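First up is the structure itself, then whatever we jot down about it.
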Ligand code: JEW
């Protein structure tokens, strides 16, 4: 639920999520909070008690909208409130949500929402990261996108979802397509060689090398096959030689 339904609807029409909705794999309803006001001017905000700058979203439209959803579609599994104060969203949180039947997301604007929406209506407070956005719509779309991909049938190839970097704990390897040379940069020769075992090993090495440099924290929880273990040991040894006494 949002005061900007067109913003959310526009994003839902595109890409894999749009196709999943068209195919009936997931069902997404967008509710305009102004439809749940009772005054002539459809007001959704008011001045904060105690004074101070900006406006706060009134609680009643959220409560009336959730009541409408309960009556039409039954009790939701969770009521998510995007907020910078929530637990940080991750692939693991997305995986848990993808198993739920019915997820409601409450999108705030202005300086925030009357806190009784949080205490009485929300079951789950979620942050998509440590930066301040101007409302909950982009977080709602980020959550929806990440969760929808994990619903079987949304992404055509289930295996590709299992191969995604945050499932395996290893960043993706570089990808190339035609032309074989572009702006003086050649595609690595191994990818043109047709030697499938060499290509597989090169991709593993590139992925592990990137992970080691950029996100070594991921490797602690990664599941590596024997070949990957071996490549990683080589890379670590190589880096120790290059960096000498610069620490771990
Ligand atoms: C986010 C919802 C609703 C989530 C992440 N809150 C707040 C707030 C805002 C502006 C000034 C002060 C406080 C904007 N705002 C939101 C921000 C979610 C709302 C209003 C949000 N970052 N930002 N991860």
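In my numbering, the protein residues as written are 9 to 256. Glycine included, C-beta positions come from ideal geometry on N, C-alpha and C. Remember, predicted model here, so these are calculated numbers, not experimental data.
Problem - Which of helix, strand or coil DSSP assigns to residue 190 - result: strand
Problem - residue 149 CB to nearest heavy atom of the ligand JEW below 7 Å - result: no
Problem - Bridge partners - residue 64, DSSP secondary structure assignment - result: 54
Exercise for the section: Given a cut-off of 8 Å, decide if residue 97 and residue 136 are closer than it, judged by their beta-carbon atoms. Expected result: yes
Handout entry: Meets three-Cβ-pair contact criterion under 8 Å: the segment 44 to 53 and the segment 174 to 183
Key = no
Handout entry: Beta-carbon spacing of residue 69, residue 44 below 8 Å
Key = yes
Exercise for the section: Identify, in the order they occur along the chain, each residue of the same chain with its Cβ nearer than 6 Å to the Cβ of residue 38, setting aside the five sequence neighbours on each side. Expected result: 13, 16, 17
Handout entry: Buried/exposed call for residue 112, threshold 16 Cβ in 10 Å
Key = buried
Exercise for the section: Scan the segment 129 to 195 and note each continuous alpha helix (DSSP H) run of 4 residues or more that stays entirely inside, going in chain order. Expected result: 145 to 156, 166 to 171, 173 to 176
Problem - At least 3 beta-carbon pairs within less than 8 Å: the segment 146 to 163 vs the segment 205 to 221 - result: no
Exercise for the section: Could you tell me if residue 200 is buried or exposed, where buried requires 16 or more neighbouring beta carbons within 10 angstroms of its beta carbon? Expected result: exposed
Handout entry: Straight-line Cα distance separating residue 41 from residue 126
Key = 16 Å
Problem - Cβ-heavy atom distance, residue 232 to the ligand JEW, below 7 Å - result: no
Exercise for the section: Report all residues from its chain with a CB closer than 6 Å to the CB of residue 10; omit the five preceding and five following residues, and keep chain order. Expected result: 16, 115, 145
Exercise for the section: Determine the extent of the alpha helix (DSSP H) in which residue 90 is found, giving its start and end residues. Expected result: Note, residue 90: premise wrong, no alpha helix (DSSP H); beta strand (DSSP E) at 86 to 96.
Exercise for the section: Please classify residue 121: does DSSP put it in a helix, a strand, or coil? Expected result: strand
Handout entry: Buried versus exposed, by CB contacts within 10 Å (16 or more), residue 240
Key = buried
Exercise for the section: Taking only heavy atoms of the ligand JEW into account, decide whether any of them is closer than 7 Å to the Cβ of residue 92. Expected result: yes
Practice task
Verify the contact flag: residue 100, CB atom, against every heavy atom of the ligand JEW, threshold strictly below 7 Å.
Solution key: no
Practice task
Please work out which residues of its chain come closer than 8 Å, Cβ to Cβ, to residue 64, disregarding the five sequence neighbours upstream and downstream, and give them in chain order.
Solution key: 53, 54, 55, 56, 118, 119, 120, 121, 122
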